[in-house]
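*Asks:* Would you mind keeping the following structure in view while I ask a few things?
Chains as they are written, first to last, in the UniProt record's numbering: chain H, 1 to 362; chain X, 1 to 362.
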């Protein structure tokens, strides 16, 4: 008989909107459950628990310090504003709680390195909450991109992620508040574009980042819209655009010598249960260049669980292996997160340096 | 009874591969016919006429000078290598023949200006042979982009056009020969990307062009693959990638505050009789951000005639109005062509200046 996977007991630190979606995902994942919620106000935590149907007996705390003392919490989901990540993520892992950290994970790589070092020292699992990485569509697309006969060599990548912030968002959302999420749209939507580019490039850091001129900022100087170009010394190129001022779109185009991948809903699929993408290979101009030999093929990938539940399930599987078998933490997620941050930092530096090219750190 | 549109009598100067497609298009257009073909070798012209089913009586010439003397030719289609355009396009219009000029139209805007000035002085119609401009899909997409409630304000544009050159192409095609088409992929595939960006921006020239680092060149220094960013001082941005080293793709993404347009076959539709695009408006995250309110809608636009025949038809209509009614030449095509060349020149200058930003001329 197969061993039962242990159920990972989650605490949620902060009642952000995104915590509604992730607490549902923790409920859907077969190897995870929510046991505690903390807010700076205990009533807010209690309301969150009842409003979103969390399990009976979920403990409510009125401070982040208190939830850290809860020995029944194995892992913490931390959706706090980015400026609070350094303090509370480090405090979490110092209590030997595994860390599922909302993006953007840190204001800069120096801060992130302190979080990641704390994870390593304390032997806890780290993962950033980039949900689309866990959709089976993502694995299916990677399979195609990894096939030399169907995709060939990577040549270029483009990604765009935008959504239109309404008046309330523009006035008060944490993502446009310089004290809470100073990276603005670059840390939010841009995070996904950069992750998509790294994902498509096999996580090879680009050599250079150049931000495009005239990014849009609010009065406090927080980025509302920006774009950048990333280049590798071997000639591969990538571009991305992210915006709070543009209608929703979530695009990745990955162009190889032998094939091309396109999708326009990579961050959050149009619907939960299945997700499309298009791929074309071995095409070209037909006879007389009157059309194409074959058009792109539409693929649809179904999923039993939404991508955020698959994320929680994978995180919890890794936590379970540490708990049950003494495995070491999986470092892949930490490395990917750090590379994403390095590119964000380089793009930010280029914006701050008058759009000069910036070498991407390592 | 409606007046019969005059039939415009075309000469074809040079038997390039693309002339096969365009001579077929001249045959399909109801107001055009081929009457003469010139090559540097009369047998090549004769072979072209018989191999591609041109009308009986089509005259064959063994030099470009001779076809210019043919008074039965109203309009010339010129698909010569770019380095020959200045000489032969000017010679054509000085003979008061209307000019349908293959792209890239010139090696630089100074050369193009000499061609365009000759067109104006001689009162002939000019059009560059950018076929997709004439597909009814293009008009349908423009209608959506022009609708403030469905598209809103333009925020960003991305375009990509690539196709994979085979060994023969890389060794001997005019598009990679420094003496024939010195602009390489920038003048060929890049022409379309830049035109798409200008089209989407209402032909407002960007203020600045910055080429991306590490474009690929062949041994003679001809561009095989390159990318660039274009920016407007009001914050609009565009990026494009063009390549002879990448699988076929023909992408435009146009992102507005209220809607987004996507297509991946803009240069040559997958098939002749209809062409798709996708458009989304008034969408956003659904309740709980578990999906989208509405996914993009797929539109399919049918056409009776292929886009290149519609191009010939429109060009011939304009020529007919000059011939029959003494109308002045339509300047729109000349202006669009010149703007496209200005952006090409700026991108080329940025590549040649170590990827520094270059102000787009006017």
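Every residue gets a Cβ at the ideal spot worked out from N, C-alpha and C, and that includes glycine.
Compare the beta carbon distance of residue 169 of chain H and residue 197 of chain H with 8 Å and say whether it is the shorter of the two.
*Replies:* No, Cβ-Cβ distance for residue 169 of chain H and residue 197 of chain H is not below 8 Å.
*Asks:* Hey, is the segment 21 to 37 of chain H in contact with the segment 53 to 61 of chain H, meaning 3+ C-beta pairs nearer than 8 Å?
*Replies:* Judged by Cβ distances under 8 Å, the segment 21 to 37 of chain H makes contact with the segment 53 to 61 of chain H, as three or more pairs qualify.
*Asks:* Looking at the structure shown, is residue 351 of chain X part of a helix, part of a strand, or coil, going by DSSP?
*Replies:* Helix at residue 351 of chain X.
*Asks:* Spatial neighbours of residue 309 of chain X within its chain, please: C-beta separation below 7 Å, excluding the five flanking residues on both sides.
*Replies:* Hits under 7 Å: 25, 28, 29.
*Asks:* How many Å lie between residue 384 of chain X and residue 156 of chain X at the Cα?
*Replies:* Because chain X is modelled from 1 through 362, residue 384 of chain X falls outside the range shown and cannot be assessed.
*Asks:* Residue 101 of chain X and residue 64 of chain X: beta carbons closer than 8 Å?
*Replies:* Not in contact: residue 101 of chain X and residue 64 of chain X (Cβ atoms no closer than 8 Å).
*Asks:* Under 8 Å between the Cβ atoms of residue 103 of chain X and residue 130 of chain X?
*Replies:* Cβ atoms of residue 103 of chain X and residue 130 of chain X: closer than 8 Å.
*Asks:* Can you name, in chain order, every residue of its own chain whose Cβ lies under 6 Å from the Cβ of residue 165 of chain X, other than the five neighbours on each side?
*Replies:* Contacts found: 244.
*Asks:* Compare the C-beta of residue 132 of chain H against all C-beta atoms of chain X and say whether one is closer than 8 Å.
*Replies:* Closer than 8 Å: no.
*Asks:* Would you kindly work out how many angstroms separate the C-alpha atoms of residue 256 of chain X and residue 146 of chain X, rounded to a whole number?
*Replies:* Cα to Cα, the separation comes out at about 10 Å.
*Asks:* What separation, rounded to the nearest whole angstrom, lies between the Cα atoms of residue 307 of chain X and residue 202 of chain X?
*Replies:* Between residue 307 of chain X and residue 202 of chain X, the C-alpha separation is close to 21 Å.
*Asks:* What does the Cβ neighbour count give for residue 1 of chain H, buried or exposed, with the cut at 16 atoms within 10 Å?
*Replies:* Because the pLDDT of residue 1 of chain H is 44, which lies under 50, any placement of that residue in the model is unreliable, and the number read from its coordinates should be weighed accordingly. With fewer than 16 Cβ atoms within 10 Å of its Cβ, residue 1 of chain H is classed as exposed.
*Asks:* For residue 283 of chain H, decide whether its Cβ has a neighbour in chain X, counting only Cβ atoms nearer than 8 Å.
*Replies:* It does; some Cβ of chain X falls within 8 Å.
*Asks:* Closest Cβ-Cβ distance between residue 268 of chain X and chain H: below 8 Å?
*Replies:* Chain H, which has a Cβ nearer than 8 Å to the Cβ of residue 268 of chain X, makes this yes.
*Asks:* The beta strand (DSSP E) spanning residue 277 of chain H covers which residue range?
*Replies:* Taken as a continuous stretch (DSSP letters only), the beta strand (DSSP E) holding residue 277 of chain H covers 274 to 281.
*Asks:* Is there a Cβ from chain X that is less than 8 Å from the Cβ of residue 74 of chain H?
*Replies:* Not closer than 8 Å to any Cβ of chain X, the Cβ of residue 74 of chain H fails to qualify, so no.
*Asks:* Once the 5 residues before and after residue 362 of chain H are set aside, which same chain residues still bring their CB inside 8 Å of it?
*Replies:* Excluding positions up to five away in sequence, the list reads 205, 342.
*Asks:* In chain H, which residues lie less than 9 Å from residue 21 of chain X when you measure between Cβ atoms?
*Replies:* In chain order: 288, 289, 290.
*Asks:* Step through the CB atoms of chain X and report whether any lies within less than 8 Å of the CB of residue 262 of chain H.
*Replies:* Judged by the 8 Å Cβ criterion, residue 262 of chain H is in contact with chain X.
*Asks:* Excluding the 5 residues preceding and the 5 following residue 417 of chain X in the sequence, name in chain order all residues of the same chain whose CB lies nearer than 6 Å to its CB.
*Replies:* Only positions 1 to 362 of chain X appear in this structure, which leaves residue 417 of chain X out of reach.
*Asks:* Tell me which residues share the same chain as residue 97 of chain X and place their Cβ nearer than 8 Å to its Cβ, disregarding the 5 neighbours each side in the sequence.
*Replies:* 11, 68, 73, 74, 75, 76, 124, listed in sequence order.
*Asks:* Applying the criterion that 16 or more other CB atoms from any shown protein chain within 10 Å of the CB defines a buried residue, is residue 214 of chain X buried or exposed?
*Replies:* Buried: at least 16 other Cβ atoms inside 10 Å.
*Asks:* So for residue 138 of chain X, helix, strand or coil by DSSP?
*Replies:* Three-state result, residue 138 of chain X: helix.
*Asks:* For residue 214 of chain X, which residues in chain H fall below 7 Å Cβ to Cβ?
*Replies:* Residues of chain H passing the Cβ test: 231, 233, 235.
*Asks:* Grab me the residues of residue 229 of chain H's own chain with a C-beta within less than 6 Å of its C-beta, minus the 5 sequence neighbours each way, in chain order.
*Replies:* For residue 229 of chain H, where only same-chain residues beyond five positions count, the Cβ hits under 6 Å are 210, 239.
*Asks:* Determine whether the Cβ of residue 1 of chain H lies closer than 8 Å to any Cβ atom of chain X.
*Replies:* At residue 1 of chain H the pLDDT is 44, less than 50, meaning the model places this residue with poor confidence and gives no usable figure here.
*Asks:* Grouping DSSP H, G and I as helix and E and B as strand, with all else coil, what is residue 251 of chain H?
*Replies:* Strand, per DSSP.
*Asks:* Measuring only between beta-carbons, confirm whether residue 163 of chain X sits less than 8 Å from chain H.
*Replies:* Yes, its Cβ sits closer than 8 Å to a Cβ of chain H.
*Asks:* Say whether the segment 288 to 302 of chain X touches the segment 258 to 272 of chain H, bearing in mind that this needs 3 or more beta-carbon pairs closer than 8 Å, one atom from each stretch.
*Replies:* Contact holds: three or more Cβ-Cβ distances are below 8 Å.
*Asks:* Using 10 angstroms around the beta-carbon of residue 159 of chain X, count the other beta-carbons present and answer buried if the total reaches 16, otherwise exposed.
*Replies:* Classification of residue 159 of chain X: buried, given that the 10 Å Cβ count is 16 or more.
*Asks:* Please confirm whether residue 251 of chain X has its beta-carbon closer than 8 Å to some beta-carbon of chain H.
*Replies:* Yes, its Cβ sits closer than 8 Å to a Cβ of chain H.
*Asks:* Which of the three DSSP states is assigned to residue 24 of chain H in this structure?
*Replies:* Three-state result, residue 24 of chain H: helix.
*Asks:* Using the C-alpha atoms, what's the distance from residue 249 of chain X back to residue 285 of chain H?
*Replies:* Rounded to the nearest angstrom, the two C-alpha atoms are 10 Å apart.
*Asks:* Could you spell out the range, first to last residue, of the beta strand (DSSP E) harbouring residue 128 of chain X?
*Replies:* Counting along the chain, the beta strand (DSSP E) containing residue 128 of chain X begins and ends at 126 to 128.
*Asks:* Identify the contact partners of residue 265 of chain H in chain X, using a Cβ-Cβ distance below 8 Å as the criterion.
*Replies:* Those within 8 Å of residue 265 of chain H in chain X are 292, 295.
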